[in-house]
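The next block holds one structure in the form of structure tokens; read it before the comments.
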Amino acid sequence: MSYYLGLDIGGSNLKLGLVSEAGSLIALQERKSGELATEEQLMAKIDAMLIKLMAEQNVLADEILAMGVGVPGYVDNDKGVILNTNNLSFYNYPFRDKFSQLADVPIFLGNDANFAALTESRMGAGRGYKNQVMLT
260 MSYYLGLDIG
270 GSNLKLGLVS
280 EAGSLIALQE
290 RKSGELATEE
300 QLMAKIDAML
310 IKLMAEQNVL
320 ADEILAMGVG
330 VPGYVDNDKG
340 VILNTNNLSF
350 YNYPFRDKFS
360 QLADVPIFLG
370 NDANFAALTE
380 SRMGAGRGYK
390 NQVMLT
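Per our numbering, the very first residue in the sequence shown carries number 260; after that it's consecutive.
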């Protein structure tokens, strides 16, 4: 089988989801992120979550097609950099380069609210509608 990963990096929580090719949520892990003081602590927490999730679901690394990462702030997806976050102290952090040391998959960075709206429009309450409004 093939899967996708979704990661929500929030000021209070980290959420890591395993999603089927059809878009169904298979598993979700959630951990507190508020105590993370450094980028290295963040990456260590994500690594531990990823290892646990894949082991629990018997998923191999080569079954992961790609990963979407939502961040509460500004990102440069082309460069894979978290430019600035409003509730975490990450500035110009090369997330894609750092994460590629953990897993070799395509990574798509974006603003978490934009990703939430996009997901709702394609797979949620906004599916089938020409326009939608989302408040977070």
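Even glycine gets a Cβ: it sits at the ideal position worked out from N, Cα and C.
7 Å Cβ cutoff met for residue i and residue j
{"i": "Leu-301", "j": "Val-328", "result": "no"}
{"i": "Pro-353", "j": "Thr-344", "result": "no"}
{"i": "Met-313", "j": "Leu-264", "result": "no"}
{"i": "Glu-289", "j": "Ser-261", "result": "no"}
{"i": "Leu-284", "j": "Leu-275", "result": "no"}
{"i": "Asp-306", "j": "Leu-347", "result": "no"}
{"i": "Val-364", "j": "Ile-310", "result": "no"}
{"i": "Gln-316", "j": "Leu-287", "result": "no"}
{"i": "Gln-391", "j": "Gly-385", "result": "yes"}
Burial state of residue i (16 or more Cβ within 10 Å)
{"i": "Arg-355", "result": "buried"}
{"i": "Val-340", "result": "buried"}
{"i": "Ser-292", "result": "buried"}
Sheet register partners of residue i (DSSP bridge)
{"i": "Asp-267", "result": "Lys-274, Gly-329"}
{"i": "Ser-279", "result": "Tyr-262"}
{"i": "Asn-370", "result": "Val-330"}
{"i": "Ala-286", "result": "Leu-277"}
Which listed residue (the options) has its alpha carbon closest to that of residue i
{"i": "Phe-349", "options": "Leu-394, Glu-299, Ala-376, Ile-366", "result": "Glu-299"}
{"i": "Ala-303", "options": "Asn-351, Asp-321, Phe-358", "result": "Phe-358"}
{"i": "Ala-372", "options": "Leu-342, Ser-271, Asp-335, Met-393", "result": "Met-393"}
{"i": "Thr-395", "options": "Ala-376, Ser-380, Gly-385, Gly-387", "result": "Ala-376"}
{"i": "Ser-380", "options": "Gly-270, Ile-268, Gly-282, Leu-273", "result": "Gly-282"}
Problem set entry | Ranges of the alpha helix (DSSP H) found wholly within the segment 309-363, counting only runs of at least 4 | 354-358
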